[in-house]
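In the numbering used here, the protein residues as written are 609 to 1352. Here a beta-carbon is modelled for each residue, glycine too, at the ideal position from N, C-alpha and C. Predicted model only: the values in this text are computed from it and were never measured.
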DNA sequence: TTGTTTATTCTTTTT
DNA sequence: GAATAAACAA
């Protein structure tokens, strides 16, 4: 095009330090680009620099750039950095998650696909509630077809952009036809409620583009460049979306890492990244392999972990850092032991000068956070949980939001049914059924019916309740039209006139107190938001909070330790990471045992966790874990066992720090002494002469397998089995009496 | 119709 | 062991 002559001193872009590959990727301008960016290789930096390059050097207007990121937080931070670098205000830049940007498009174009602009966005809870209604309407027993499973099927169809009619046409078996019927009904209901679920935001935008050539052309013409972060986690509908925005132009730049693809279960399609060059001919591939984040030993450990996977583009991260660091794998007695010891480790780190905010505990499932919360609380170490039942998922908050949503979208019967009897106004199941019947008959929404009809078909008590609701909503909609009807004022009034506050105030329980505080918090949030977002509407607020990701809601406070799931941790980094619960059945999850592809995804999850660490990494597993309220025996994760032992230091806390004597719970101790307790109490018996020579952690030599280390003992006497981790990386279980072993 | 008790099922991971 | 659904009493 134009030859780039940086006549003026280029302040911004050059202040980002980049290596040669990164520079090449940023400056390339001859067509589609795919950047393979391993963990910690400066992916965000390249993406930021690329956008800055487009604005600063190519003179693109910010509002002509479309950039999809994985969280809104990342988007905000990137936008700020670009503004600082280029000195160009980037308010108009299209940057955010696919979901928020599609919502932005759909708010404008909704009428073209038969929706109102004020449509409601349904979150997961709403989806489940709706699916239950759908199953009821289809007269399907919830037990034969689980709502969550149906939702997953529906989500699969939507992600592949297959409309109900096609599924119905293809359905052969009875089951398939039932699923198709559910899908059809679910979509129809959403449309009637003027609601969209998360998947709809993407697929409806794709439909919009597909059916309206003029609209897609308009959007194509309005974007000069399309960029996508974390491309390995895009699904098929997102691919279609990107494709239609790009058209046959080559103005696309994607960044990703197939090794970090961890969202297959929600429809992400790794093939998107692996076959990118087929979809966008003439693609130039860039590979970032120099890691700027982690120490040598962490990288080696990470590579050993991921190298087991078969379906991956070959690459290996390297670092020029000479800082060796150390990876520790620790075995604990049980989950509590693990939590307490990790807690002690955190205290040690803090005294050695690591800020709490630079420490993170990572686990596979949310339920695992509990034992760490307990331990941290006891140790008086402040912590934050990223993604735990968030504020906006609390009952009382959702109730308030349901009132507000209904005010915005009167078609939203799901929200209506949530609040129609909260607080209690004599509108129970029966009243609901009567109303639902009228809805089918009249083709109007519940709120519309109760505000426009006298409801003589209901009992006297119910009519009274209906009257209350009618008053509440007529007052609120009146206020909403007034200039003083700001979002926070609306909520304040609503809490008063609905009697919601009174209901909680009357309770006088600890719980009701907490709820009142949460409502107060919501009110404060809304007030602050209204001040900061003058001119924006209640609709905007509601959309913002339903599309916020867990990380968006997280403020990384310097003085609090972070707890989160491995999925949440994507894209983040910490000086010190504790990767806990590395047990078979947990990581990998038992539910993915049968499917090798899913096992590989679980392994990538481990890889993501490991590569979050900058300086120290402690991986751990416990021999026993509380689950379902009972104690389960656990085996170390197969992933850890497959990692060559020379890449880490093994610490067996079961031997180093045996638990203090069990609490004097007489009955428990007497009736069920655990095997270990028994072994502790009677260290000398007939077999102990033989067994005593075997200890966990002991180094041994096997006649055929060579050197190894005992990692586990089980059974007694003749039955004594040794689990030995041999230096070839293979773990074998051997009978002590037959194994030809000598002490190393 | 409402609030309480009991039974059951359940845990991946999230926009 | 917790959260939800069904069952039941008031």
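Count the other CB atoms within 10 Å of the CB of residue i; is the residue buried (16 or more) or exposed (fewer)?
i: residue 568; result: Residue coverage of the chain in this structure runs from 609 to 1352, which leaves residue 568 outside it and unanswerable.
i: residue 844; result: buried
i: residue 804; result: buried
i: residue 871; result: buried
i: residue 623; result: exposed
i: residue 1147; result: buried
i: residue 873; result: exposed
i: residue 1397; result: Any question about residue 1397 goes unanswered here, given that the chain covers just 609 to 1352.
i: residue 847; result: buried
i: residue 840; result: buried
i: residue 889; result: exposed
i: residue 679; result: buried
i: residue 1208; result: buried
i: residue 1020; result: buried
i: residue 1221; result: buried
i: residue 730; result: buried
i: residue 1035; result: buried
i: residue 1141; result: exposed
i: residue 1116; result: exposed
i: residue 1185; result: buried
i: residue 903; result: buried
i: residue 767; result: buried
i: residue 783; result: exposed
i: residue 945; result: buried
Which residues in the same chain as residue i place their Cβ atom closer than 7 Å to its Cβ, once the five residues preceding and following it in sequence are excluded?
i: residue 1412; result: Given that the chain is displayed from residue 609 to residue 1352, the structure contains no residue 1412 and the question cannot be resolved.
i: residue 1218; result: 906, 909, 910, 913, 1187, 1225
i: residue 1107; result: 1031
i: residue 1153; result: 1000
What are the start and end residues of the alpha helix (DSSP H) that includes residue i?
i: residue 808; result: 806-819
i: residue 1082; result: 1068-1089
i: residue 717; result: 706-717
i: residue 1207; result: 1204-1218
i: residue 941; result: Not the alpha helix (DSSP H): residue 941 falls in the beta strand (DSSP E), residues 934-942.
i: residue 1000; result: Residue 1000 -> no alpha helix (DSSP H), and no H or E assigned at all.
i: residue 993; result: Careful: residue 993 lies outside any alpha helix (DSSP H), inside the beta strand (DSSP E) at 991-993.
Where does the unbroken beta strand (DSSP E) through residue i begin, and where does it stop?
i: residue 687; result: Unbroken run through residue 687 is the alpha helix (DSSP H), 680-694; no beta strand (DSSP E).
i: residue 1050; result: It is not in any beta strand (DSSP E) - residue 1050 instead sits in the alpha helix (DSSP H) that spans 1037-1050.
i: residue 1310; result: 1307-1310
i: residue 641; result: 641-645
i: residue 1185; result: 1182-1187
i: residue 1257; result: 1257-1260
i: residue 868; result: First-last for residue 868: undefined, no H or E at that position.
i: residue 635; result: No beta strand (DSSP E) contains residue 635, which is instead part of the alpha helix (DSSP H) from 628-635.
i: residue 676; result: 673-676
i: residue 833; result: 833-836
Can you name, in chain order, every residue of its own chain whose Cβ lies under 8 Å from the Cβ of residue i, other than the five neighbours on each side?
i: residue 926; result: 897, 898, 899, 907
i: residue 620; result: 660, 664, 692, 693, 694, 695
i: residue 698; result: 663, 670, 687, 690, 691
i: residue 1088; result: 1015, 1098, 1146
i: residue 1160; result: 679, 680, 681
Near residue i, what residues of its chain come up, given a Cβ to Cβ distance below 6 Å and the 5 sequence neighbours on each side ignored?
i: residue 1227; result: 937, 1187, 1190
i: residue 1284; result: Per-residue confidence for residue 1284 stands at a pLDDT of 28, beneath the threshold of 50, marking its modelled position as unreliable; no derived number is given.
i: residue 1164; result: 965
i: residue 683; result: 677, 703, 704
i: residue 1071; result: 1063
i: residue 785; result: 779
i: residue 1155; result: 707, 708
i: residue 1354; result: Within the shown structure, residues of the chain are numbered from 609 to 1352, placing residue 1354 beyond reach of any answer.
i: residue 842; result: 880
Mind reading off the beta-carbon distance from residue i to residue j? Whole number of angstroms is fine, and I expect it under 8 Å.
i: residue 1244; j: residue 1192; result: 7 Å
i: residue 809; j: residue 658; result: Actually they do not touch by this definition, with Cβ atoms about 26 Å apart.
i: residue 866; j: residue 878; result: 6 Å
i: residue 1134; j: residue 1124; result: Contact doesn't hold; Cβ gap of about 16 Å is too wide.
i: residue 645; j: residue 863; result: 5 Å
i: residue 941; j: residue 1194; result: Residue 941 to residue 1194, Cβ: 16 Å. No contact.
(Q) Quick test of the definition: if touching needs 3 or more C-beta pairs under 8 Å, does the stretch 1257-1264 touch the stretch 950-961? (A) no
Q. Does the pairing of the stretch 777-793 with the stretch 995-1013 give three or more beta-carbon distances under 8 Å?
A. no
Q. Any chance the stretch 901-918 sits against the stretch 1202-1218, with 3 or more Cβ pairs inside 8 Å?
A. yes
Q.
Using 8 Å as the cut-off, can you tell me whether the stretch 739-748 makes contact with the stretch 715-729, which would need three or more C-beta pairs spanning the two stretches below that distance?
A. no
Q) Is the stretch 966-984 touching the stretch 1165-1176 in the sense that three or more CB pairs, one from each, lie closer than 8 Å? A) yes
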